[in-house]
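Right, one structure below, let's go through it.
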Amino acid sequence: MSDTTYRKICVTPEKFGSRDFATATSIVDVKLPSIPPGRIGVRVRATGIEASDIIQMAGGYGPLAGKKPVSAHDGTVQLGDLGCEGVGVVEHVGEGVDGSWKIGQAVMWAGFGVSFREYVVLDPAGEDFFDATKVPSAKPEWTAVPVSAMTAVGALELVGHIAKGQTVLVTAAAGGTGHIALQWAKKYGARVAGTCGSEEKEQMLKDLGCDVVVNYRTQDVEAVLAKEFPGGFDLVYEGVGGRMGNIAKRLLGKAGTLVSVGSVSSDYSGATKGDQNPDPPHQPLATQTHAGFFMPNGKNYPEWPRLVQETVDAVASGAVRIVMDEGCKEFNGLEGVYKAQARMRSGKNVGKIYATITPA
Numbered sequence: 000m001s002d003t004t005y006r007k008i009c010v011t012p013e014k015f016g017s018r019d020f021a022t023a024t025s026i027v028d029v030k031l032p033s034i035p036p037g038r039i040g041v042r043v044r045a046t047g048i049e050a051s052d053i054i055q056m057a058g059g060y061g062p063l064a065g066k067k068p069v070s071a072h073d074g075t076v077q078l079g080d081l082g083c084e085g086v087g088v089v090e091h092v093g094e095g096v097d098g099s100w101k102i103g104q105a106v107m108w109a110g111f112g113v114s115f116r117e118y119v120v121l122d123p124a125g126e127d128f129f130d131a132t133k134v135p136s137a138k139p140e141w142t143a144v145p146v147s148a149m150t151a152v153g154a155l156e157l158v159g160h161i162a163k164g165q166t167v168l169v170t171a172a173a174g175g176t177g178h179i180a181l182q183w184a185k186k187y188g189a190r191v192a193g194t195c196g197s198e199e200k201e202q203m204l205k206d207l208g209c210d211v212v213v214n215y216r217t218q219d220v221e222a223v224l225a226k227e228f229p230g231g232f233d234l235v236y237e238g239v240g241g242r243m244g245n246i247a248k249r250l251l252g253k254a255g256t257l258v259s260v261g262s263v264s265s266d267y268s269g270a271t272k273g274d275q276n277p278d279p280p281h282q283p284l285a286t287q288t289h290a291g292f293f294m295p296n297g298k299n300y301p302e303w304p305r306l307v308q309e310t311v312d313a314v315a316s317g318a319v320r321i322v323m324d325e326g327c328k329e330f331n332g333l334e335g336v337y338k339a340q341a342r343m344r345s346g347k348n349v350g351k352i353y354a355t356i357t358p359a
């Protein structure tokens with residue numbers, strides 16, 4: 000990034016529809032935009048990495064759904080720009096912006112096409128689906144809050160209606176959103192089970208207070224959890240789909256609620272990564288609830304602003320600990336985004352995947 004230009008990652012029009020991030024995107028240089036009234040200009044310090052990056056890139060949902068990426072690039076947020084959550088520092092403040100926004104203020108945000116870039120112009124009064132929010136620092140940990148944490152909190156609170164003392168199952172519990180869902184459930188005194196796929200992830204979940212940890216690579220998940228929770232689970236936070244998703248449905252209690260937040264068994268590449276479901280989809284009982292939560296819809300709930308602030312406070316105080324994947328420490332610059340995307344597809348991450356865009 001220079002005084003007049005910056006770089007961003009965009010979908011290559013000729014490759015639109017592909018789910019191969021490395022070949023379907025490119026880094027482009029653009030001019031720094033002017034700051035319109037009511038907007039702030041932010042230098043991006045770090046970006047979070049999500050399975051949804053791939054879906055959006057291919058036009059599965061978001062601005063590219065039913066449209067095509069632009070071929071001429073400028074410094075604004077355009078069709079084909081990528082990255083949905085970031086943290087950074089305010090560098091420019093437009094006319095008419097609330098006086099509480101100062102140059103140097105750390106800020107986190109979410110939206111479509113707003114974080115795989117070195118600089119972004121934001122509307123502090125409201126972005127696509129998550130308002131720009133002041134945070135204590137621009138450390139990478141805050142990239143986990145706008146999408147990963149608020150998916151967990153929104154799903155458990157707004158759809159799952161979590162209550163004290165429940166039994167809760169979190170699939171993919173060592174991932175960016177799963178490890179936060181685990182901790183949020185523990186705040187309610189829940190007895191929580193979590194699934195994962197390595198010894199390192201097992202240890203991380205135990206350190207976070209997970210009551211029952213099951214390694215799906217070495218244990219029979221259904222047999223272990225049916226024994227530990229003979230009455231089934233009151234609440235399931237499900238983000239895997241495929242075979243694991245069907246197991247989770249069978250483990251749901253007779254009056255339980257299952258909230259689906261994604262399907263990482265297939266979302267990364269369009270393939271199932273060997274996790275095909277051999278059984279027909281399990282159908283819910285009349286007394287059970289199967290529902291979904293899509294974080295961009297969070298703003299439709301009147302409780303949303305309160306939940307965002309509670310989450311920010313919990314992270315700032317350490318009541319909820321964000322675990323950042325150690326493998327991402329050396330993923331720097333926009334080139335680091337490509338390494339982070341490959342890391343996501345490997346499934347080896349322990350905690351939140353991210354890339355540092357411009358170091359402090």
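Here the sequence shown is numbered in numbering that gives the first Met the number 0, starting from 0 and rising by one per residue.
Just so you know, even glycine gets a beta-carbon here, dropped at the ideal spot from N, CA and C.
### Query
Between the beta-carbon of residue 292 and the beta-carbon of residue 260, is there less than 8 angstroms?
For the purposes of this step, residue 292 is identified with residue 293 of the sequence shown, where counting begins at 1. For the purposes of this step, residue 260 is identified with residue 261 of the sequence shown, where counting begins at 1. Against a cut-off of 8 angstroms, the Cβ pair of residue 260 and residue 292 comes out as a contact.
### Task
Measuring alpha carbon to alpha carbon, tell me which of 206, 48 and 156 ends up nearest residue 290.
What you label residue 290 is simply residue 291 of the sequence shown in a count that begins at 1. Of the candidates 206, 48 and 156, the one whose C-alpha sits nearest the C-alpha of residue 290 is 156.
### Task
Kindly give me the distance between the Cβ atoms of residue 146 and residue 294, rounded to whole angstroms, as I take these residues to be in contact under 8 angstroms.
Residue 146 sits at position 147 when you count from the first residue of the sequence shown. Residue 294 sits at position 295 when you count from the first residue of the sequence shown. So it is a contact: roughly 6 angstroms between Cβ atoms.
### Same chain, Cβ closer than 6 angstroms to residue 79, neighbours up to 5 away in sequence not counted
For the purposes of this step, residue 79 is identified with residue 80 of the sequence shown, where counting begins at 1. Correct list, in chain order: 9, 10, 68 and 69.
### Query
In chain order, what residues of the same chain have a beta carbon less than 7 angstroms from the beta carbon of residue 232, not counting five sequence neighbours either side?
The count along the sequence shown starts at 1 and reaches residue 232 at position 233. So the qualifying residues of the chain are 166, 167, 168, 250, 251, 252 and 255.
### Message
Quick check on residue 267: does DSSP put it in helix, strand or coil?
### Response
In the sequence shown, residue 267 corresponds to position 268, counting from 1. Because the pLDDT of residue 267 is 48, which lies under 50, any placement of that residue in the model is unreliable, and the number read from its coordinates should be weighed accordingly. Looking at residue 267 - three-state DSSP - the assignment turns out to be coil, as it is neither helix nor strand.
### Query
Per DSSP, what kind of secondary structure is residue 83 in: helix, strand or coil?
On the sequence shown, residue 83 is found 84 positions in, with the first residue counted as 1. It is coil, neither helix nor strand.
#### Entry: Beta-carbon gap between residue 172 and residue 204 smaller than 8 angstroms
As a working mapping, residue 172 is identified with position 173 in the sequence shown. As a working mapping, residue 204 is identified with position 205 in the sequence shown. Yes; because the gap between Cβ atoms is below 8 angstroms, this pair is in contact.
### Proximity winner among 184, 200 and 119, relative to residue 35 (alpha-carbon distances)
Position 36 of the sequence shown, counted from the first residue, corresponds to residue 35. Checking every option, the nearest Cα to that of residue 35 belongs to 119.
#### Entry: Secondary structure, alpha helix (DSSP H): runs of 4+ residues fully inside the segment 43-83
51-56
### Task
Kindly list the residues whose CB is nearer than 7 angstroms to the CB of residue 185, restricted to its own chain and excluding five residues on each side of it in sequence; keep chain order.
Stepping through the sequence shown from its first residue, residue 185 is reached at position 186. The answer, listed in chain order, is 191 and 208.
### Message
Checking 8 angstroms against the spacing of the C-beta atoms, do residue 83 and residue 59 come in under that value?
### Response
Numbered from 1 along the sequence shown, position 84 holds the residue referred to as residue 83. Numbered from 1 along the sequence shown, position 60 holds the residue referred to as residue 59. No, the Cβ-Cβ distance between residue 83 and residue 59 is not below 8 angstroms.
### Query
Going by the beta-carbon positions, is the gap between residue 349 and residue 227 smaller than 8 angstroms?
Mapped onto the sequence shown, residue 349 falls at position 350. Mapped onto the sequence shown, residue 227 falls at position 228. No, these two residues do not count as a Cβ contact at 8 angstroms.
### Query
Which value, in whole angstroms, describes the spacing of the CA atoms of residue 47 and residue 115?
Taking the first residue of the sequence shown as position 1, residue 47 is located at position 48. Taking the first residue of the sequence shown as position 1, residue 115 is located at position 116. One C-alpha to the other measures close to 9 angstroms.
### Message
So the candidates are 3, 41, 194 and 129; which of them puts its Cα closest to the Cα of residue 238?
### Response
Here residue 238 refers to the residue found at position 239 when the sequence shown is read from its first residue. Nearest C-alpha to residue 238: 194.
### Message
With three or more beta-carbon pairs closer than 8 angstroms as the criterion, would you say the segment 123-132 touches the segment 158-165?
### Response
no
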